[in-house]
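Those letters in the sequence shown? Residues 11 to 155, per the numbering used here, in order. We put the CB at the ideal spot given by N, CA and C, even for glycine.
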Amino acid sequence: MKRLKIFLLIIVLAGIKGWAAGDRIIPLNRIPQKAQAVVAKHFAGAKVSYVKMDDDLFSKTYDVVFTNGNKIEFDKKGNWKEIDCKYSRVPSDLVPAPILRHISSQYPDLYIVQIDRDSRDYEVELNNGLELVFSLKGVFKRFHD
Numbered sequence: 011m012k013r014l015k016i017f018l019l020i021i022v023l024a025g026i027k028g029w030a031a032g033d034r035i036i037p038l039n040r041i042p043q044k045a046q047a048v049v050a051k052h053f054a055g056a057k058v059s060y061v062k063m064d065d066d067l068f069s070k071t072y073d074v075v076f077t078n079g080n081k082i083e084f085d086k087k088g089n090w091k092e093i094d095c096k097y098s099r100v101p102s103d104l105v106p107a108p109i110l111r112h113i114s115s116q117y118p119d120l121y122i123v124q125i126d127r128d129s130r131d132y133e134v135e136l137n138n139g140l141e142l143v144f145s146l147k148g149v150f151k152r153f154h155d
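Put into structure tokens, the structure is as follows:
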């Protein structure tokens, strides 16, 4: 009997998690206006492959994936969290100026192909695979392991 109760509890908890969390394909016009503006301004020539909304229990994110392989992840307010341009440059207008200055002065022949932003720092990947970490103010902190 005790095993049955534990088993049922696990089933119920898994069901709640499954109900609360989920990835759904949505139209581009269903993402926040701020995110739509970023896509329209900085990726105007790129064709959107699909838009996915990831609705977890405590957060909601939106992934815009382009047919050329580029991807942008936005938070629930429409702020970008990650920009991944596999085969091209991340638009310079989306990169903080101090980070751009550091990259152009230290690595003049390289460019940013991916940038991640979280509550602590920025992680930047260059087209040669080098990964750097910057503070939220754009100050170089270290190389990424």
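| message | Could you give the first and the last residue of the continuous alpha helix (DSSP H) run that contains residue 44? | response | Secondary structure note for residue 44: its alpha helix (DSSP H) is the uninterrupted segment 43-52.
| message | If you reduce the DSSP assignment to three classes, tell me which class residue 130 lands in. | response | coil
| For residue 145: DSSP bridge partner residues | 131
| task | Measure the beta-carbon distance from residue 75 to residue 60 and round it to whole angstroms, keeping in mind my assumption that it falls under 8 Å. | result | 6 Å
| message | Once DSSP output is grouped into helix, strand and coil, what is the label at residue 114? | response | helix
| Where the beta strand (DSSP E) through residue 32 begins and ends | 32-36
| query | In whole angstroms, what separates the C-alpha of residue 35 from that of residue 135? | reply | Roughly 28 Å between the two C-alpha positions.
| Segment contact flag, the segment 81-91 with the segment 55-72, C-beta cutoff 8 Å, min 3 pairs | Contact between the segment 81-91 and the segment 55-72 is present, with at least three C-beta pairs closer than 8 Å.
| Length of the line joining the Cα atoms of residue 122 and residue 96 | 10 Å
| request: Give the secondary structure of residue 99 by DSSP, where H, G and I count as helix, E and B as strand, and everything else as coil. | output: Here residue 99 sits in coil by DSSP.
| said: Which residue wins for smallest C-alpha separation from residue 154, given the options 109, 102, 40, 133? | reply: 133
| query | Do residue 33 and residue 66 have their C-beta atoms within less than 7 Å of each other? | reply | It is not a contact, given that the beta carbons lie outside the stated cut-off.
| query | Which one or two residues does DSSP pair with residue 150 in a beta bridge? | reply | 144
| field | CB-CB length for residue 98 against residue 80, believed under 8 Å | value | 7 Å
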